[in-house]
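A.B. asks: This is the structure I have questions about; it appears just below.
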Amino acid sequence: LEFRSPDILRDFICGVEIMDKFLHSRADLVQSLADNECTAYTVHNAEGQLVGFFALNMDILDLDDDDKEDLTHGYSRADAPAFKTEKEFEEFMSQPRFKVVDIAYLAVQKNFQGHDIGTAIMNKIFDKAVSMNPDGLFITVDALHLRDGSHSAVEFYVRFIFQRILPPHGDTIRMYCTVK
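Residue numbering for the sequence shown follows the working numbering, beginning at 1 and increasing consecutively.
So this is what it looks like as structure tokens:
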């Protein structure tokens, strides 16, 4: 469901303190969603219980020639984009920047973790990415990776063939994957 009000997240706990504080700070959440031009969604189970939250926005991904070579020659963990023609491949190789769908936020209610809710959300994100950016090739995320070692979402995204773009920056690691 499309996100309507931060009030729905009042009792939402994902178990990562920094994320829980952010989601419960109504003003910060609303401001961040607006500043980043996010479209946010709540995820509910069959009984109508809130089990997840995610937000997407449009962003830009810069790939240098080495990144593109790694993708197209199979050296990257991320899958190479599918090109139907030589012209599509040449166009890809000539572009330095790509319009992408970015996962701004993703959280699963703590008592529902381990029940494939995150996987279901990622499947929905892949579907939404195609509708939001039909010509897009990539999804990006700044995966939460706390410097104190208490939490990292990197391995979650690696399961979906996301690859690191940059080394850690603060408490996040920039990652991307290809949209098939």
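All C-beta atoms in this analysis are idealised placements derived from N, C-alpha and C, irrespective of residue type, glycine included.
Quick caveat: nothing in here was measured; it's all calculated off a predicted structure.
Tell me the start and end of each unbroken beta strand (DSSP E) in the region 121-178 that is at least 3 residues and wholly inside, in chain order.
C.D. replies: Counting only runs of 3 or more, we get 138-144 and 172-178.
A.B. asks: Hey, which unbroken runs of the alpha helix (DSSP H) at 4 residues or more fall wholly within the region 54-128?
C.D. replies: With a minimum length of 4 residues, the continuous alpha helix (DSSP H) runs that stay inside the region 54-128 are 65-72 and 86-94.
A.B. asks: At which residues does the alpha helix (DSSP H) containing residue 43 begin and terminate?
C.D. replies: Careful: residue 43 lies outside any alpha helix (DSSP H), inside the beta strand (DSSP E) at 39-44.
A.B. asks: Does residue 166 pass the burial test, meaning 16 or more other C-beta atoms within 10 Å, or should it be called exposed?
C.D. replies: Classification of residue 166: exposed, given that the 10 Å Cβ count is below 16.
A.B. asks: For the putative contact between residue 145 and residue 173, defined by C-beta atoms under 8 Å, what is the C-beta separation to the nearest angstrom?
C.D. replies: The pair is a contact, with the Cβ atoms about 5 Å apart (cut-off 8 Å).
A.B. asks: DSSP puts residue 2 in a beta bridge; with which residues?
C.D. replies: According to DSSP, residue 2 bridges with 41.
A.B. asks: Going by DSSP, what residue range makes up the alpha helix (DSSP H) through residue 29?
C.D. replies: Residue 29 -> alpha helix (DSSP H) spans 26-35.
A.B. asks: Can you list, in chain order, the residues of its chain with a C-beta nearer than 7 Å to that of residue 112? Leave out the 5 residues immediately preceding and following it.
C.D. replies: Excluding positions up to five away in sequence, the list reads 51.
A.B. asks: For residue 88 and residue 135, what's the separation of their Cα atoms in angstroms?
C.D. replies: The straight-line gap from Cα to Cα measures roughly 11 Å.
A.B. asks: Among 176, 133 and 116, which one has its Cα closest to the Cα of residue 154?
C.D. replies: When each option's Cα is compared against that of residue 154, the closest is 176.
A.B. asks: Is it buried or exposed, residue 59, if we count other Cβ atoms within 10 angstroms and call 16 or more buried?
C.D. replies: Buried is the call here.
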